[in-house]
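Participant: Attaching a single structure in structure tokens format; questions to follow.
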Amino acid sequence: EVQLVESGGGLVQPGGSLRLSCAASGFTFTSYVMHWVRQAPGKGLAWVSRINHDGTITTYADSVKGRFTISRDTAKNTLYLEMNSLRAEDTAVYFCAGDIEYKYDYWGQGTLVTVSS
Amino acid sequence: QSALTQPPSASGSPGQSVTISCTGTSSDVGGYDYVSWYQHHPGKAPKLMIYDVSKRPSGVPDRFSGSKSGNTASLTVSGLQAEDEADYYCSSYAGSTPFVFGTGTKVTVL
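Top to bottom, those sequences are chains V and G.
According to our numbering, the first sequence is numbered sequentially starting from 1.
According to our numbering, the second sequence is numbered sequentially starting from 1001.
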């Protein structure tokens, strides 16, 4: 059974940091480009970041560039998102998703990040 | 890259059909045949329903179909069932972005 399980969300003050993890199982992790997608309260889905199969190429949405860092550990089948200088507008449910051939085949259930003082 | 435009809501009675539009530009929907649709029950993982404009993954009922004309893609759900009530999002490959999502449509089964 394919599983993507996010963890690491929580309440953090503006300017703070958080590290999200996404544990993958049930599929060949290294065959998939991995993404983080977020959904702010009452809003739609928004793409955040992408990392290629071996972790050598990363891409970011302009809204998080310079503050967030995506990485993956192929030995642990785990995807990460290091989030720094967090702002109120980063408050959202963060999903990890696996992409092969221009579609998100697999999704996690998400982890909630709340940025508030 | 701006979000793709979807109607906020759509509804139909059980057994009826509902069609959701997804309008973008020549830089995304109109430029690539990589439009996909996702069903999202709040609190759960989104699920891939349609990919490459009109292909269905294994296990998705053939009541779900997709199409595209120019810069607008569409998802049709035929023979509506209670379990189809959910939020639906389109997504398109957009080159360097690399993906852009739609604004989302809440489908209600009356």
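Glycine is no exception: its CB is placed at the ideal position from the N, C-alpha and C atoms.
Since we're looking at a predicted model, the values are computed, not measured.
Quick one: does V:Gly44 have its CB under 7 angstroms from some CB of chain G?
Facilitator: Yes, because at least one Cβ of chain G sits closer than 7 angstroms to the Cβ of V:Gly44.
Participant: Evaluate the contact criterion for the segment 1020-1036 of chain G versus the segment 1089-1101 of chain G: three or more CB pairs, one atom per stretch, below 8 angstroms.
Facilitator: Judged by Cβ distances under 8 angstroms, the segment 1020-1036 of chain G makes contact with the segment 1089-1101 of chain G, as three or more pairs qualify.
Participant: Beta-carbon within less than 7 angstroms of V:Gly110's beta-carbon, same chain only, minus the 5 sequence neighbours each way: which residues are those?
Facilitator: Hits under 7 angstroms: Glu6, Val93, Tyr94 and Phe95.
Participant: Going by alpha carbons, who is nearest to V:Lys65 out of V:Arg50, V:Leu20 and V:Leu45?
Facilitator: The shortest Cα separation from V:Lys65 among V:Arg50, V:Leu20 and V:Leu45 belongs to V:Arg50.
Participant: Of the residues that make up the segment 1092-1103 of chain G, which ones have a beta carbon closer than 8 angstroms to any beta carbon in chain V?
Facilitator: So the close ones are Tyr1093, Ser1096, Thr1097, Pro1098, Phe1099, Val1100, Phe1101, Gly1102 and Thr1103.
Participant: Can you look up V:Phe29 in the DSSP assignment and give me helix, strand or coil?
Facilitator: In the structure shown, V:Phe29 sits in a helix (DSSP, three-state: H, G or I).
Participant: Please work out which residues of its chain come closer than 6 angstroms, Cβ to Cβ, to V:Ala40, disregarding the five sequence neighbours upstream and downstream, and give them in chain order.
Facilitator: Once the five neighbours on either side are set aside, the close Cβ partners of V:Ala40 are Ala92.
Participant: Examine the Cβ distances between the segment 1026-1042 of chain G and the segment 1074-1089 of chain G and report whether three or more of them are shorter than 8 angstroms.
Facilitator: Contact between the segment 1026-1042 of chain G and the segment 1074-1089 of chain G is present, because at least three Cβ pairs lie under 8 angstroms.
Participant: Have a look at V:Thr78 and V:Ile57 and give me their C-alpha separation to the nearest angstrom.
Facilitator: V:Thr78 and V:Ile57: Cα-Cα distance of roughly 16 angstroms.
Participant: For G:Ala1082, which three-state DSSP category applies?
Facilitator: Correct three-state label for G:Ala1082: helix.
Participant: Determine the DSSP secondary structure at V:Asp62, reduced to helix, strand or coil.
Facilitator: Coil at V:Asp62, not helix or strand.
Participant: With distance defined between alpha-carbon atoms, name the residue in V:Asn52, V:Val12 and V:Ala46 nearest to V:Asp62.
Facilitator: The shortest C-alpha separation from V:Asp62 is found at V:Ala46.
Participant: Classify G:Ser1011: buried if its beta carbon has 16 or more other beta carbons within 10 angstroms, exposed otherwise.
Facilitator: It counts as exposed.
Participant: Determine, using beta carbons only, whether G:Pro1046 comes closer than 7 angstroms to chain V.
Facilitator: True, the Cβ-Cβ gap to chain V drops below 7 angstroms.
Participant: If the cut is a Cβ gap below 9 angstroms, which residues of chain G does V:Arg50 touch?
Facilitator: Those within 9 angstroms of V:Arg50 in chain G are Pro1098 and Phe1099.
Participant: For V:Asp90, name the three-state secondary structure that DSSP assigns.
Facilitator: V:Asp90 falls in the helix class under three-state DSSP.
Participant: Hey, is V:Tyr102's beta-carbon within less than 7 angstroms of any beta-carbon in chain G?
Facilitator: Closer than 7 angstroms to some Cβ of chain G, the Cβ of V:Tyr102 qualifies, so yes.
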